[in-house]
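Using numbering that gives the first Met the number 0, read the sequence shown as starting at 0 and increasing by one per residue. Using N, Cα and C, we set each Cβ at its ideal position, and we do this for glycine too. The model shown is predicted, which means the values in this text are computed figures rather than measured ones. Contents: one structure, followed by commentary.
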Amino acid sequence: MTNTAPQTGTEVSHINFSSYSTSQLHDLLSLIDPASRPHDHAGVLAEIERRNTASQATDEPTDGPWKVRFTTRGGVIGWWMAVQQRMPLFGEGLIAVEADCLVLHGWRRNWLGMATQTILRLPFAKIRNVVVQPDGFIRFDHGRWGQVELHLSPGGAAALAPRLPGGHSAGFDQNWAALRAFSQALEASGRYAWVTYALVLLNIAIFAAMAVKGERLSAFNAGDILAWGGNYGPLTASGEWWRLLSTSFMHLDWLHLAVNMWALAGVGRLTERLYGRWRYGLLYLVMAVMASLASLLWNPTVVGVGASGAIYGVFGLFIAYLLRHYRRVPGPLIRSHWLSSLVFLVFSLTSGFLNTGIDNAAHVGGLLAGLGLGSIAARPLGIRGPERWSWAQGGGVLAVILLVFGGSYAHMRGTNLQLAPLEQYMQAHAWYVEGGSRREELWMQLVQQSGAGQISPRDLADQIEKEILPFWRDAEQRLLKEDASLTGEQTEIAAATLGFVRARRAVAQLVVDESRNALPAPEKVQEIVDSLDVALARMEVLRLRTAMSHVPSSLASNTALEYVHRRLFGDEAVCVEHPPVLGPGVADTDRKDDGPALFHAISCQSQREFLAEDYEALEGRFTRYLAKLSDLPDGGSSLNALIVGLDDLISYGNLRGDQLIGRIIAWRRSYPNSLAAAFVEVMAYDQWAWNARGHDYASGVTAQAMAAFKARSLMAATVLKDIELQAINNPVWYSLSMSIGLSISRPKEELRAIFDKSAAAFPEYYRAHHAMMRILMPRWLGSFEEVRQFIEDMAAAAPTGQGDMVYARLYWMYLNMENDDLDMISKVGMRWRRVLSGLDALEKQYPTSDFWINVRAAFACKVNDDQEYARARVKAAARLSRTGWTRQSGLEECDKKFADAKAASAAAGQTQEKTEDEGANP
0 MTNTAPQTGT EVSHINFSSY STSQLHDLLS LIDPASRPHD HAGVLAEIER RNTASQATDE
60 PTDGPWKVRF TTRGGVIGWW MAVQQRMPLF GEGLIAVEAD CLVLHGWRRN WLGMATQTIL
120 RLPFAKIRNV VVQPDGFIRF DHGRWGQVEL HLSPGGAAAL APRLPGGHSA GFDQNWAALR
180 AFSQALEASG RYAWVTYALV LLNIAIFAAM AVKGERLSAF NAGDILAWGG NYGPLTASGE
240 WWRLLSTSFM HLDWLHLAVN MWALAGVGRL TERLYGRWRY GLLYLVMAVM ASLASLLWNP
300 TVVGVGASGA IYGVFGLFIA YLLRHYRRVP GPLIRSHWLS SLVFLVFSLT SGFLNTGIDN
360 AAHVGGLLAG LGLGSIAARP LGIRGPERWS WAQGGGVLAV ILLVFGGSYA HMRGTNLQLA
420 PLEQYMQAHA WYVEGGSRRE ELWMQLVQQS GAGQISPRDL ADQIEKEILP FWRDAEQRLL
480 KEDASLTGEQ TEIAAATLGF VRARRAVAQL VVDESRNALP APEKVQEIVD SLDVALARME
540 VLRLRTAMSH VPSSLASNTA LEYVHRRLFG DEAVCVEHPP VLGPGVADTD RKDDGPALFH
600 AISCQSQREF LAEDYEALEG RFTRYLAKLS DLPDGGSSLN ALIVGLDDLI SYGNLRGDQL
660 IGRIIAWRRS YPNSLAAAFV EVMAYDQWAW NARGHDYASG VTAQAMAAFK ARSLMAATVL
720 KDIELQAINN PVWYSLSMSI GLSISRPKEE LRAIFDKSAA AFPEYYRAHH AMMRILMPRW
780 LGSFEEVRQF IEDMAAAAPT GQGDMVYARL YWMYLNMEND DLDMISKVGM RWRRVLSGLD
840 ALEKQYPTSD FWINVRAAFA CKVNDDQEYA RARVKAAARL SRTGWTRQSG LEECDKKFAD
900 AKAASAAAGQ TQEKTEDEGA NP
């Protein structure tokens, strides 16, 4: 054995292989390990290639090995071709024959992605369905690798063919003949799919231009997308129809582009050759526009972007061709493409339905367009490629195009799909939109760098003073000049925009002043920061109202379609109620003409009317109920029932945000001065705020969640501020103002002042009392003592003879706000005898109601007054009202509680007697 030193990249084999026979060279090629002895292996290959080259002038070697190409291309492209075709090797190599197998020498990539020389042996027993063509192409099926394709010289193929097995599977000859004929017809359509390649290159070029212009490869903002031609309903419908096409050549980031181009290249190359180059190109553009139309009609508030809608159309064309001409398409081709296409479409559509960030309307629209146009336009392949369209086919395609475009245009003409005032304003101030957006991005970038310690506070201030402050100063002066002549709604928008610009400038100046130790007083600093928060909230309200003003024009929010959806999928509208943990609901045993049942019915009816967009009915109810606030048999309020019903629908219903705000905007459009619509908008923002925050204690809420909570609460406060003068005589405004004021941390004294005004004007509207007691709860801004004092004050301020009624009513209300285990007497200071006196008065005031009868029994159970409970239980059992009990205690629970207490007392008494007896008789 001879030991040799490791060879370097410049060394060659020292063995003279020219003296070996071809058969010996083949044996050596099998024995030499290419990994440990690469240079010897390369020497054998070189000698074999030399002999093959020398023999090409005469005849190919008869005993092999033969030079072969496993793929028509080498390198990475060849490797990818092999992956797609499930070929074991790629690029150039050699093929030889042994006694029982075919030996392949070639290249493959390992798990690290590195190309390595490999030897594969394919047993003859697993080779079948061999096909040899005169041009040197050989293909056969193999058990492990599926189909194997070899490209040899004609002489090499002729020499190799007799050595290969000759067995064919049943039906192979017929299938192969059909596949060859189909392939030849396909070749007549053109060897290369130039239109598909051109579309891919055009998409890449446009993305590259966007990336260069925006100096980024991802995260293009809405302004960038719209500037380059994104499909936004109001802009498109206002005359910029070219956006329907331009949006199909834009992408949000490089990954979005890569996935779409991979799909387009995969299915587009074959589809182009099936339909013909120019017809395919025309259909692609038409499907791109139809997909964009589908997106616009379904939801015009979405900024659509991407080629996926058109690509779905290409899949539709391909599937339509297979369905239309399945008898003329070879079975192997159908099987190889049908399953992959179906899997892609089902997976991506399902993902789109589950992910709200995907424009599934464009996908479905493109797919339907492709299926519809393809079912008309698909022509069978002839010997010269796809047959020409007949007049009937051309007319059918044109008719479909005109029908879709005409119907879409007619639908949009009948809707309010024009630029809203805010959109008109921003379009007229494009310099502000673009400049402001870039300064906002720069601000965030600088703040992040400062927080990471990448720049000093001084550098941060210098950058802000140099790059950001000048824009906001100039913008303020320019807006003052440009907006001086505005009228109508534009005036409000201009004022909000100017307020935002001034707040931005003031906060930027604060950062600069801080670096120079020139900050104003802390109170002034907080005032400036708060002003920016308020300005941001106002702009967000305007933006959301603008976006949602187009929702009623969308098919996604069409009332008729929603009704059909509910009927088909069993999603019938039902009355939405608060969860049981917040209090008992109306039971079947409750009287239908009593206050709680009527309250529940009004709540449910208000929800049905809102879902049905019957704003006339809601306005009528709101006006009627405002006339008398304590109109129910138990002293409750129908107005409160209406508000609670809508609040429950917002809080616990399954309405999407666009459905909710879209209806509110439609309501306000029908009734521009509607306070009820404004109140519902406030409740929507308030619920969104709590959705962001959660209901944990403040210490358990993240800073990000708390910031979102504050921002959305400020949006609600903005609406309340706008309607303050109009709503000064409406009790709902006061209760909402207290609730929102608590969320945005207004001082307790300010909230109490709001309540005092409400109590003075509307003493019978107890929703305001509920809001004030929530503020005074220990978990918020107060204490049990403050709650006690508040109830005492309200009872003292009540009209003569009604103080005890107010006292009992408020303590019952507060009992249901706290946990059931709170001792109302020892902790809060409730006087039980006065509560009983108030309950007596309430039963006399509302003799037809069962509610207060049950409240007496529940209260007695709560304070462990067994004698009073025994008396009250008799009437309560006969006139049961479930809402007159607490969430954890009903009649059965209280019966058990006192029975257990009595049994325990009796047991304790027997124990005491036994102890005394034992003491008397030692």
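Quick one: using the 10 Å Cβ neighbour count with 16 as the cut-off for buried, is HIS929 buried or exposed?
-> Outside the displayed range of the chain (0 to 921) lies residue 929, so it cannot be described from this structure.
For TRP106, which residues does DSSP report across the bridge?
-> Residue mapping note: residue 106 aligns to position 107 of the sequence shown, counting from 1. TRP106 is bridged by DSSP to PHE89 and GLN116.
Going along the chain, which residues of its own chain have a beta-carbon closer than 7 Å to the beta-carbon of LEU416, five neighbours each way excluded?
-> Position 417 of the sequence shown, counting from 1, holds the residue named residue 416. Spatial neighbours of LEU416 in its own chain (CB-CB distance under 7 Å, excluding positions within 5 residues in sequence) are listed in chain order as GLY232, PRO233, ALA236, PRO299, HIS549 and SER552.
Quick one: is MET260 near chain B, going by C-beta distance under 9 Å?
-> No chain B is part of this structure, which consists of one protein chain only.
From ALA207 to PHE248, what does the alpha carbon distance come to, in whole angstroms?
-> Taking the sequence shown and counting its residues from 1, one reaches residue 207 at position 208. Taking the sequence shown and counting its residues from 1, one reaches residue 248 at position 249. It is roughly 11 Å from the alpha-carbon of ALA207 to the alpha-carbon of PHE248.
Using a Cβ-Cβ cut-off of 7 Å (strictly less than) and excluding sequence neighbours within five positions of VAL131, which residues of its own chain qualify?
-> Indexing the sequence shown from 1 puts residue 131 at position 132. Here the set comprises ILE137, ALA156 and ALA160.
Can you have a look at LYS927 and say buried or exposed, based on whether 16 or more other CB atoms are within 10 angstroms of its CB?
-> For the chain, the structure presents residues 0 to 921; residue 927 sits outside this window and is missing.
GLU148 - partner residues in DSSP beta bridges | Here residue 148 refers to the residue found at position 149 when the sequence shown is read from its first residue. Its beta-bridge partners are ARG138.
Who are the Cβ neighbours of VAL313 in its own chain at under 6 Å, not counting the five residues just before and after it?
-> Counting from one through the sequence shown, the residue named residue 313 turns up at place 314. Once the five neighbours on either side are set aside, the close Cβ partners of VAL313 are VAL266, GLY267 and THR270.
Based on Cα-Cα distance, which residue from GLN84, SER637, ALA706 and PHE783 lies nearest to MET829?
-> In the sequence shown, counting from the first residue as 1, residue 829 sits at position 830. Looking at the Cα atoms, PHE783 is the closest of the given residues.
Delimiting residues of the beta strand (DSSP E) encompassing ARG242 | For this step, residue 242 is matched to residue 243 along the sequence shown. For ARG242, no beta strand (DSSP E) run applies; the uninterrupted alpha helix (DSSP H) run containing it begins and ends at 242-245, by DSSP.
Inspect the CB distances between the segment 415-435 and the segment 397-405 and report whether three or more fall short of 8 Å.
-> Contact between the segment 415-435 and the segment 397-405 is absent, because fewer than three Cβ pairs lie under 8 Å.
Test item: CB-CB of ALA95 and PRO64 under 9 Å | In the sequence shown, counting from the first residue as 1, residue 95 sits at position 96. In the sequence shown, counting from the first residue as 1, residue 64 sits at position 65. It is a contact, given that the beta carbons lie within the stated cut-off.
Beta-carbon contacts of LEU750 that lie in its chain and below 7 Å, excluding the five residues immediately before and after = In the sequence shown, counting from the first residue as 1, residue 750 sits at position 751. Leaving aside the five residues that flank LEU750 on each side, the residues in its chain whose CB is nearer than 7 Å to its CB run, in chain order, MET737, GLY740, LEU741 and ILE774.
Under the assumption that ASP589 contacts ARG881 (Cβ atoms under 8 Å), give the Cβ distance between them as a whole number of angstroms.
-> Along the sequence shown, read from residue 1 onward, the residue named residue 589 stands at position 590. Along the sequence shown, read from residue 1 onward, the residue named residue 881 stands at position 882. Right, their Cβ atoms sit about 6 Å apart.
Name the DSSP bridge partner or partners of ASN230?
-> Mapped onto the sequence shown, residue 230 falls at position 231. Per DSSP, GLY303.
Short check: CB of SER848 to CB of GLY634, under 9 Å?
-> Here the question's residue 848 lines up with position 849 in the sequence shown. Here the question's residue 634 lines up with position 635 in the sequence shown. Going by C-beta atoms, SER848 is nearer than 9 Å to GLY634.
Do you know how far the Cα of GLU439 is from the Cα of ALA460?
-> Translated into positions along the sequence shown, residue 460 becomes position 461. Translated into positions along the sequence shown, residue 439 becomes position 440. GLU439 has its alpha-carbon roughly 15 Å from the corresponding atom of ALA460.
Please list, in chain order, all residues of the same chain as SER245 whose beta carbon is under 6 Å from its beta carbon, the five residues on each side excluded.
-> The residue given as residue 245 occupies position 246 in the sequence shown. By the criterion of a C-beta distance shorter than 6 Å, SER245 is surrounded in its chain by GLY228, once the five residues flanking it on both sides are discounted.
Boundaries of the beta strand (DSSP E) in which GLU126 is found, first to last residue = In the sequence shown, the residue the question calls residue 126 occupies position 127. Sequence check: residue 126 is Ile here, not Glu. Residue range 126-131 is occupied by the beta strand (DSSP E) that includes ILE126.
Does any heavy atom of the ligand COA sit closer than 8 Å to the C-beta of ALA697?
-> In the structure shown, the ligand COA is absent, as is every other ligand, since no ligand is present at all.
Note down the Cα distance separating GLY364 from SER389, rounded to an integer number of angstroms.
-> As a position in the sequence shown, residue 364 is number 365, starting the count at 1. As a position in the sequence shown, residue 389 is number 390, starting the count at 1. Here the C-alpha atom of GLY364 lies approximately 26 Å from the C-alpha atom of SER389.
Kindly provide the ranges of any alpha helix (DSSP H) runs that are 4 or more residues long and lie completely inside the segment 672-712, ordered along the chain.
-> Here the runs fully enclosed are 674-692.
Assuming HIS768 contacts MET793 (C-beta within less than 8 Å), just tell me the rounded distance between them.
-> For the purposes of this step, residue 768 is identified with residue 769 of the sequence shown, where counting begins at 1. For the purposes of this step, residue 793 is identified with residue 794 of the sequence shown, where counting begins at 1. That pair is a contact at about 7 Å.
Near VAL718, which residues of its chain fall below 8 Å by C-beta distance, leaving aside the five closest residues on each side in sequence?
-> The residue labelled residue 718 in the question sits at position 719 within the sequence shown. Closer than 8 Å at Cβ, skipping near neighbours: VAL540, ALA677, GLU680, VAL681 and TYR684.
What are the partner residues of ALA95, as DSSP defines its beta bridges?
-> Here the question's residue 95 lines up with position 96 in the sequence shown. According to DSSP, ALA95 bridges with VAL102.
Answer yes or no: do LEU292 and LEU254 have a C-beta to C-beta separation smaller than 9 Å?
-> Position 293 of the sequence shown holds residue 292. Position 255 of the sequence shown holds residue 254. Judged by beta-carbon spacing, LEU254 lies beyond the 9 Å limit of LEU292, meaning their Cβ atoms are not closer than that value.
Quick one: any contact between the segment 649-656 and the segment 613-633, if contact means 3 or more CB pairs under 8 Å?
-> Touching, no.
Nearest-angstrom beta carbon gap, VAL500 and TYR475 [assumed within contact, 8 Å] = Here residue 475 is taken as the residue at index 476 of the sequence shown, counted from 1. Here residue 500 is taken as the residue at index 501 of the sequence shown, counted from 1. Residue identity differs from the one stated: residue 475 is Glu in this sequence, not Tyr. 5 Å between Cβ atoms; contact.
PHE69 and LEU149 closer than 9 Å at C-beta = For the purposes of this step, residue 69 is taken as residue 70 along the sequence shown, with counting starting at 1. For the purposes of this step, residue 149 is taken as residue 150 along the sequence shown, with counting starting at 1. Yes, they are a contact pair.
Evaluate ASP593 with the Cβ neighbour count: other Cβ atoms within 10 Å of its Cβ, from every protein chain shown; 16 or more gives buried, anything less gives exposed.
-> Along the sequence shown, one-based indexing puts residue 593 at 594. Looking at its Cβ environment, which holds 16 or more other Cβ atoms inside 10 Å, ASP593 is buried.
Inter-residue CB distance, ASP223 and GLY213 (contact presumed, cutoff 8 Å) = Taking the first residue of the sequence shown as 1, we reach residue 223 at position 224. Taking the first residue of the sequence shown as 1, we reach residue 213 at position 214. With a Cβ gap of about 5 Å, ASP223 and GLY213 count as contacting.
Is it a yes or a no for the segment 485-500 touching the segment 421-438, going by three-plus beta-carbon pairs under 8 Å?
-> Contact between the segment 485-500 and the segment 421-438 is present, because at least three Cβ pairs lie under 8 Å.
Which class does LYS627 belong to by DSSP, given the choice of helix, strand or coil?
-> Stepping through the sequence shown from its first residue, residue 627 is reached at position 628. In the structure shown, LYS627 falls within a coil segment according to DSSP collapsed to helix, strand and coil.
Quick one, which of ALA706, SER673 and ALA675 has its alpha-carbon nearest TRP689's?
-> By 1-based counting over the sequence shown, the position of residue 689 is 690. The shortest Cα separation from TRP689 among ALA706, SER673 and ALA675 belongs to ALA706.
Within 10 angstroms of its Cβ, does LEU88 collect 16 or more other Cβ (buried), or is it exposed?
-> As a working note, residue 88 is residue 89 in the sequence shown. Buried, by the Cβ-count rule.
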